[in-house]
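Each remark here refers to the structure printed beneath this line.
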Amino acid sequence: MAGSSKPGGSAGLGLRAKLLLSYLAVIALSAMTMTVIAEWTAPFFYRSHTEQMVQMFGVQDIPEMRRQLSEGFTGAFGSALAVASFVTLLVALAVSALVSRQILRSVQRVSHASTRIAAGHYAERLPELGRDELGELTNSFNRMAEALEATEVRRRELIGTVAHELRTPLTGMRGLTEGLLDGVFRIEEAGPDIIREVRRLERLTQDLSLVTQAEAGVIPVTPRPVPLAELARGACTQFDRPFSSAGLTLTLDVRREVQVLADPDRLTQVLVNLLANALRHTHQGGVTVRVKRDGQSGCVEVHDTGEGIAPHALPHVFERFYRSDQSRARDAEESVGAGIGLTVSRHLIEAMAGEIRITSTPGVGTTLTVDLPLAAASDGPRASDRKDAPS
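Below you can see the structure in the form of structure tokens.
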């Protein structure tokens, strides 16, 4: 393209040259200033010294003597100043070249590492350089590299997860279709199974679209005053049968009814995600949903008695498609949508000016807490409303 130039080419100076020129410019300006000031002030000091000599040795005040002494002093002073300036320039040039080389070496390391990362080598790291500005630049670069490496790992996991999720229903549909063509199945037998697999594909694409929209912040959220306990009760009602079928208890404990600012549909979606996640990871005991007021926030807690989450996995549970139990096999129907519910929930809660937190103890259980801003003064304490599904 016309008018374009390559970095570091003839169109501009390199960083080393710029550093050297900047140092030399400072040195030259300092030398010029020193010379001008010295030439202005030296005659005054010299005249005072001449008067002292006349008084001390009784020499007559002869103008010719003053002139010769002045010229001799000025010539000697100028020669000494020129030699000193030249030596100073050489020393400054050597020091400037050394300092520029050190700075340029650090910059070249960053440039080389960034090129490696751009080529896909996300494990590239820079050595620590201290606590100065270059050290801060190095630390920032390493943090960026770690974030990019984690993103790349998540991307690969996402591709693998989506490929697996697509492979399962497609394989089933292929087998059923081949069975129909070979006359092994009748349409009445294979039709419902094909429809089920198609619905699984639809759910997967919807989940992918939803998590993308949530991370982009384009899901519409309209907060308004809503009763938190009422929404929690409605979400629990949807899970009566699944918990009962699994032999688990589902308990709703309303410590205090509170009005919060939230989008009722999106908040219900979050509570459903949390209950589905709790059901997926709980094999005995049950789940307790607790509604209360916590300071200036309305709070809902979902506590399960599942296997818990290891401490190293807690910071990643809100990342899309992250699963703390990657090695444990799951039911195919259950796996659809797993790994994005908490991601979507976090973005929805944050869009409603709330916060979602998680605490977990391996072998004991996990608690997910949602805090939302209060809409108005809460009512007084209410008796606990317990909703237990038969075990």
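Residues 40 to 430, numbered by the working numbering, are exactly what the sequence shown covers, in order. Don't be surprised by glycine CBs; every beta carbon is placed ideally from N, CA and C.
Whether residue 155 touches residue 163 by CB criterion (8 Å): As a working mapping, residue 155 is identified with position 116 in the sequence shown. As a working mapping, residue 163 is identified with position 124 in the sequence shown. The answer is yes: Cβ separation under 8 Å.
Buried/exposed call for residue 305, threshold 16 Cβ in 10 Å: Translated into the one-based positions of the sequence shown, residue 305 becomes position 266. Buried, by the Cβ-count rule.
C-beta contact flag for residue 404 and residue 325 at 8 Å: Working through the sequence shown from its first residue, we reach residue 404 at position 365. Working through the sequence shown from its first residue, we reach residue 325 at position 286. Taking 8 Å as the Cβ cut-off, residue 404 and residue 325 do not qualify as a contacting pair.
Alpha helix (DSSP H) segment containing residue 309, residue limits: If you number the sequence shown from 1, residue 309 lands on position 270. Looking at the DSSP string, the run of the alpha helix (DSSP H) that includes residue 309 is 303-320.
Closer than 7 Å: residue 262 CB and nearest the ligand HEM heavy atom: You won't find the ligand HEM in this model; it holds no ligand whatsoever.
Helix, strand or coil at residue 340 according to DSSP, with G and I counted as helix: On the sequence shown, residue 340 is found 301 positions in, with the first residue counted as 1. Looking at residue 340 - three-state DSSP - the assignment turns out to be strand.
Under 8 Å between C-beta atoms of residue 249 and residue 138: By 1-based counting over the sequence shown, the position of residue 249 is 210. By 1-based counting over the sequence shown, the position of residue 138 is 99. No, the Cβ-Cβ distance between residue 249 and residue 138 is not below 8 Å.
Residue interval of the alpha helix (DSSP H) (run including residue 276): For the purposes of this step, residue 276 is taken as the residue at position 237 of the sequence shown. Counting along the chain, the alpha helix (DSSP H) containing residue 276 begins and ends at 267-277.
Proximal residues to residue 294 (C-beta, below 6 Å), its chain only, five neighbours per side dropped: Taking the first residue of the sequence shown as position 1, residue 294 is located at position 255. Within the same chain, residue 294 has close Cβ partners 331.
Simplified DSSP assignment, three categories, for residue 335: Position 296 of the sequence shown, counted from the start, is the residue given in the question as residue 335. DSSP places residue 335 in coil when its eight states are reduced to three.
C-alpha gap between residue 347 and residue 381, whole angstroms: Walking along the sequence shown from the start, residue 347 turns up at place 308. Walking along the sequence shown from the start, residue 381 turns up at place 342. For residue 347 and residue 381, the distance between alpha carbons rounds to 15 Å.
Residue range of the unbroken alpha helix (DSSP H) whose run includes residue 385: Position 346 of the sequence shown, counting from 1, holds the residue named residue 385. Residues 380-390.
CA nearest to the CA of residue 150, picked from 65, 258, 177, 400: Within the sequence shown, numbered from 1, the residue matching residue 150 stands at position 111. That would be 177, whose Cα lies nearest to the Cα of residue 150.
Stretch pair the region 267-280 + the region 388-406: three plus CB contacts closer than 8 Å: no
For residue 404, the first and last residue of its enclosing alpha helix (DSSP H): As a position in the sequence shown, residue 404 is number 365, starting the count at 1. Run containing residue 404: none in the alpha helix (DSSP H); it sits in the beta strand (DSSP E), 404-412.
Assigned exposure category for residue 342 - 16 Cβ within 10 Å defines buried: Taking the sequence shown and counting its residues from 1, one reaches residue 342 at position 303. That one is buried.
DSSP bridge partner residues for residue 264 (one or two, in chain order): Your numbering for residue 264 matches position 225 in the sequence shown. 300, per the DSSP bridge assignment.
Cβ shell of residue 408 (< 6 Å), same chain only, five flanking positions each side left out: Taking the first residue of the sequence shown as 1, we reach residue 408 at position 369. Excluding sequence neighbours, residue 408 sits near 340, 396.
Coarse secondary structure for residue 256, derived from DSSP in three states: Against the sequence shown, residue 256 aligns to sequence position 217. Coil, per DSSP.
Terminal residues of the alpha helix (DSSP H) in which residue 225 lies: Start at 1 with the first residue of the sequence shown, and residue 225 comes out as number 186. Per DSSP, residue 225 belongs to no alpha helix (DSSP H) and is neither H nor E.
Range of the contiguous beta strand (DSSP E) that encloses residue 289: Sequence index remark: in the sequence shown, residue 289 carries index 250 (1-based). Run containing residue 289: 288-293, per the beta strand (DSSP E) assignment.
Residue of 310, 349, 216, 389 minimising C-alpha distance to residue 275: To locate residue 275, count along the sequence shown from 1; it is residue 236. Among 310, 349, 216, 389, the Cα nearest to that of residue 275 is on 310.
Close-in-space but distant-in-sequence residues of the same chain around residue 388 (CB under 7 Å, 5 per side omitted): On the sequence shown, residue 388 is found 349 positions in, with the first residue counted as 1. For residue 388, where only same-chain residues beyond five positions count, the Cβ hits under 7 Å are 309, 394, 395, 409.
Cβ neighbour criterion (16 or more within 10 Å) applied to residue 125: As a working note, residue 125 is residue 86 in the sequence shown. Exposed.
Nearest-angstrom beta carbon gap, residue 302 and residue 261 [assumed within contact, 8 Å]: To locate residue 261, count along the sequence shown from 1; it is residue 222. To locate residue 302, count along the sequence shown from 1; it is residue 263. Rounded, the Cβ-Cβ distance is 5 Å, consistent with contact.
Cα-Cα separation between residue 279 and residue 240, rounded to whole angstroms: Position 240 of the sequence shown, counting from 1, holds the residue named residue 279. Position 201 of the sequence shown, counting from 1, holds the residue named residue 240. The straight-line gap from Cα to Cα measures roughly 26 Å.
Candidates 202, 195, 157, 232: closest to residue 212 by CA position: Position 173 of the sequence shown holds residue 212. It is 232 whose Cα lies nearest to the Cα of residue 212.
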